[in-house]
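Per my numbering, the very first residue in the sequence shown carries number 920; after that it's consecutive. Even for Gly, the Cβ is constructed at its ideal location relative to N, Cα and C. Have a look at the structure below, then the notes.
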Amino acid sequence: MEKQPAGLIYGDVGSTKFSFIVEDSTLQRFDYISVYHKEGSVLAQVVDIKRYSDLSYESIRALYGKDKTPKYVESDLSAKAEVIGYRDERGLLQTPRTPFEIGQPVYKADESLIRHVLGL
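The structure is reproduced here in structure tokens:
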């Protein structure tokens, strides 16, 4: 079974941090993720998750009205990640020297990658 992406990289993308659209609703802050780079699989950590909606303050007030009954509002999740790095051929922890590609899939990191990169 093919592993499903947890999200896709977008926006202002660097070599040490990036944002991504969250496709996996089980993803949480501090989860480890992996992203492919020309150097190989790179480990990163989710540092923030936000929910976005097109609704303004006024729209929400009008939607809820006087009864204040909760209603479903469609929204999207976005996350920020900070890069931890990868192990080079000498076993040294490195970070990529070029940015990740926009649109690159992000996956929940396998335990083996986490242990290898963190040296556990």
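Cα atoms of residue 955 and residue 925: separation of roughly 13 Å, rounded to the nearest angstrom.
Around residue 1013, the same chain offers 958, 1004, 1005, 1006 and 1007 as residues with beta carbons nearer than 8 Å, after the five sequence neighbours per side are excluded. Boundaries of the beta strand (DSSP E) around residue 998: 995-1006. If you check the CB distance, residue 997 and residue 976 do not come in under 8 Å.
In the DSSP assignment, residue 962 falls within the beta strand (DSSP E) that extends over 959-971. Listed as beta-bridge partners of residue 976 by DSSP are no residues whatsoever. Assigned with DSSP and collapsed to three states, residue 932 falls in coil, not helix or strand. According to the DSSP secondary-structure assignment, residue 1027 is paired through a beta bridge with 952.
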